[in-house]
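Respectively, the protein sequence lines represent chains A and B. Under the working numbering, residues 1 to 397 are what the first sequence spells out, in order. Under the working numbering, residues 398 to 751 are what the second sequence spells out, in order.
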Amino acid sequence: MDLSFGSEYEVFREEVRDFIHQHKDKQPNPAEMRSEKTLAWQKLLIDHGYHSRTIPKKYGGYGAEPDIIKSRIIAEEFSAEQINTGLSGQGISMLTPVLLEMGNEEQKQQFIKPTIHGELLWCQGYSEPGAGSDLASLTTKAELDGDEWVINGQKIWTSTAHIADWIFCLVRTEPDAPKHQGISFLLFRMDTPGIEIRPLIDMTGKRNFNEVFFTDVRVPKDQIVGKRGQGWLVANAILGHERGSLAPPDVADARLNGVVDLMRTETIGGEKLMDNPVYRDRLMQLQGRAMALRLNDMRLLSARINKNQDVKLAAMIVKLMGTELRHEIEGLAIDVMGEIGLSYEDNPYVRDKGSWQFQYMFYLGLIIGGGTSQIQKNIISERGLDMPKEPKVAKSS
Amino acid sequence: MEFGLSQEQILLQDSVNKFLGDQVPLAKVRQIATGEDNDSAVWKGLAELGIPSLLIPEAQGGVDLGTVDAVIVAECLGYHVTPSAFISSAVMAPVALMAAGKDDTLAAIADGNHRVGIAFGEAIGARRDAGILVDGTTLSGKCLFVLDANADAYLIATPEKSLYRVRADAKGLERNILTTIDKTRPNCELILDKVEGELISDDPEVYLQTLDAGRIILAADTLGAAQSMLDQAVAYAKQREQFNRVIASFQAVKHMCAEMAANLEPCRSMVWFAGHAFDELPDKKRLIACHTKAHLSEVGKFIAKTATEVHGGMGFTDLVGLHYWFKRIGANRQLLGTPELVRDEAARIQGFAA
């Protein structure tokens, strides 16, 4: 057990701190995705290696060697000072790693730089009304007509579709192949004729997602990542990136500290919420669970440095446990506030801009999205505990 | 940075597991639990592996290892529901005696020839009919649920959190075994009538440090016991057939097992870290020890129930013997502070409660 990072890393930590103190006045409001201030901040972060750190210089990144500890230190310092860590989104966190791994040189040159600099916004076309947990059964089809794919079908749960410039999309190109081998991964512009976007309002009252309809959408033949029929491999590479990032332990800790602040400042009937032993016990239970998950994450970090460590199961449980924990942390804040906890949107008594109610509902969405908790349990039992798959039911005609 | 076990620690784990698997199988545990045999041969075997001497300095004949090593051993003992004096004689007593600078019996403890039991119940919270009064150097009263009914001496904590040592054969000391659900590690009561005691320390910090260590070891024991229950449940589900299928192919059963694994896996990091923090992070160790004890108690309770259910009716029988693990986990939950009590301490440590 050696949990120190070593003295050479402490020098690096000082550099990060200096950067933060020198530049923190320049950080933009996180809600602005396309403002000049946002793009300038993004460029500043990349130029100093605090974003897109390991992406090669020729594709617009900082070009550093991968160093997990340095990445960890950057995350710790930015989180400690609550500094804007730059843009995320599906183009940056999901498409870029896949292009680096599976894209051709032309695609890397064309897309990565503007994507990481926030000039090109993407959305993800995966789920369909009939293809949720069983994503590989998707039916949106693309047929080759001369030099173009002609796409027809529908996608759902497409966040940022209404503001995205491009989409990365799974379509069925080989209708006669087994379902996992008939899918291709296409890239196309969202202003292509034949695309219709309808907002999907969810339980939070916000437009976090959309439905996207394709009617004879024509896309140049070469806008495919990987070969025809390899789309499922590409998609799985991306889903791996998504699952780990849905419920980061640092954010869970920050939210838990938010509940502590609430409980120390709010009163009911003159009594501080923190003085209620039942509320306090619930807080302590969640703090213990959050501690266990944070330490699990530390073990995963260690395994990326020390390749001999077996952490297969520890990695598989992160999405399930992390999203369920976040939902409960947000729910505790609501419970301890009593009727005030009901407040939402423009209610003058709302606390923390309604974020507790919003996140409580939003995290129920994340428990379901990105592979439901039940799908996670199938994965854990089948791949982690080596239990057999449910027998297939013959399709009735 | 390396968050994991060293090669030496993996070797330690393997050698303890091998000894317990070969020499202390469930049949042996049963003999001890039913009173046909006692745990002295097991303790002697563990002493040959150096287990009672783990934390003791080399000058006193120990091997001077750290709390992470003790945690690993506790995990193995829990996995095999081994009857032993490990928590009291190999961990809590050495921690207390070393913190208090009382080296006189450490060599004998390291050899396994001198077992020291732990009587902390009256400091954690004295019950009706119990309590300890000190008059000069004599102790009178009653201690309940004392760890190790077969010890040669006991460390008794008073309500003021002072530690006294009494000999098991001291004049005026009566010792009665208390039947509990967990027959792998018998508890006793001590009834004291003006028993001569030796003040080991009147510094509450010595008591608290010893308590922290004990809580971490109980958590580690639960980690091992729960892992064994999960392993047994998965193995059983893979061979038990109903409706012409192994029951491991039913999602209802798979999800029970996945929930157990998902809850247990982070506990491994937590327990290891608690051991590390005990030695290396003085500012944080008490909070971490409290959370680890409470969290493992909760996860252990869930797994004890769920793993039994996966076994169906067989899980409920003495024949399969799963109940030894169920009861071991149940005992670890109640000993040295129940989860609610320990979480209250966690809140106090952070200034959340007066």
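All C-beta atoms, glycine included, are put in the ideal place defined by N, C-alpha and C.
Which word fits residue i, buried or exposed, when buried means at least 16 other C-beta atoms lie within 10 angstroms of its C-beta?
i, result
"Glu128/A", "buried"
"Glu455/B", "exposed"
"Gly748/B", "exposed"
"Ala438/B", "exposed"
"Gly89/A", "buried"
"Gly61/A", "buried"
"Thr267/A", "exposed"
"Ile68/A", "exposed"
"Gly475/B", "buried"
"Arg725/B", "buried"
"Glu586/B", "buried"
"Val11/A", "exposed"
Which residues in the same chain as residue i place their Cβ atom closer than 8 Å to its Cβ, once the five residues preceding and following it in sequence are excluded?
i, result
"Ala131/A", "Ser137, Leu138 and Thr139"
"Ser381/A", "Met387"
What does a CB cutoff of less than 7 Å around residue i pick up in its chain, not counting 5 residues either side in sequence?
i, result
"Trp440/B", "Ser481, Ala482 and Gly509"
"Lys221/A", "Leu144, Asp147, Glu148 and Trp149"
"Lys179/A", "Ala136 and Ser137"
"His673/B", "Val465"
Can you find a C-beta in chain B that's less than 9 Å from the C-beta of residue i?
i, result
"Pro391/A", "yes"
"Ala292/A", "yes"
"Ala303/A", "yes"
"Ile20/A", "no"
"Pro277/A", "yes"
"Asn210/A", "no"
"Gly384/A", "yes"
"Gly370/A", "no"
"Pro388/A", "yes"
"Arg289/A", "yes"
"Leu342/A", "no"
"Leu186/A", "no"
"Lys141/A", "no"
Could you give the first and the last residue of the continuous beta strand (DSSP E) run that contains residue i?
i, result
"Val150/A", "Glu148 to Ile156"
"Arg207/A", "Where Arg207/A is concerned, there is no enclosing beta strand (DSSP E), given that its DSSP letter is neither H nor E."
"Gly528/B", "Gly528 to Asp532"
"Ser184/A", "Ile183 to Arg189"
"Lys141/A", "Lys141 to Asp145"
For chain A, is any of its Cβ atoms less than 9 Å away from the one on residue i?
i, result
"Phe400/B", "yes"
"Phe647/B", "yes"
"Ile726/B", "no"
"Met489/B", "no"
"Cys473/B", "no"
"Phe670/B", "yes"
"Ala691/B", "yes"
"Asp680/B", "no"
"Asn660/B", "yes"
"Glu706/B", "no"
"Arg740/B", "yes"
"Phe675/B", "no"
"Cys664/B", "yes"
"Arg642/B", "yes"
"Ser625/B", "no"
In chain order, what residues of the same chain have a beta carbon less than 6 Å from the beta carbon of residue i, not counting five sequence neighbours either side?
i, result
"Thr160/A", "Cys123"
"Glu211/A", "Ile156, Arg198 and Leu200"
"His688/B", "Ala743"
"Ser485/B", "Gly514, Ile515, Leu544 and Asp545"
"Pro114/A", "Leu120"
At what residues does the alpha helix (DSSP H) containing residue i begin and finish?
i, result
"Ala520/B", "Gly518 to Gly522"
"Glu405/B", "Gln404 to Gln420"
"Gln629/B", "Pro601 to Gln636"
"Tyr50/A", "From DSSP, Tyr50/A is part of no alpha helix (DSSP H); its letter is neither H nor E."
"Gly538/B", "Careful: Gly538/B lies outside any alpha helix (DSSP H), inside the beta strand (DSSP E) at Thr535 to Leu544."
"Gly458/B", "Segment: none, Gly458/B is in no alpha helix (DSSP H) and carries neither H nor E."
"Gly672/B", "Gln648 to Glu677"
Quick one: does residue i have its CB under 9 Å from some CB of chain C?
i, result
"Phe5/A", "No chain C appears in this structure, whose protein chains are A and B."
(request) Determine which residues of the region 311-338 of chain A have a Cβ less than 7 Å from any Cβ of chain B, and write them out in chain order. (result) Residues of the region 311-338 of chain A whose Cβ lies closer than 7 Å to any Cβ of chain B, in chain order: Leu313, Ala314, Ile317, Leu320 and Met321.
(message) Against chain A, which members of the region 451-466 of chain B pass a CB distance test of less than 9 Å?
(response) Here the close residues are Gly463 and Val465.
(request) Using a Cβ-Cβ cut-off of less than 9 Å, give me the residues of the region 261-286 of chain A that come near chain B, in sequence order. (result) The residues in question are Met263, Arg264, Met274, Asp275, Pro277, Arg280, Asp281, Leu283, Met284 and Gln285.
(message) For the region 592-613 of chain B, list every residue whose C-beta sits within 9 Å of some C-beta in chain A, in sequence order.
(response) For the region 592-613 of chain B, which is checked against every Cβ of chain A, not one residue is closer than 9 Å.
(request) Quick one: which residues of the region 53-68 of chain A get their C-beta closer than 7 Å to a C-beta of chain B? List them in chain order. (result) Listed in sequence order: no entries.
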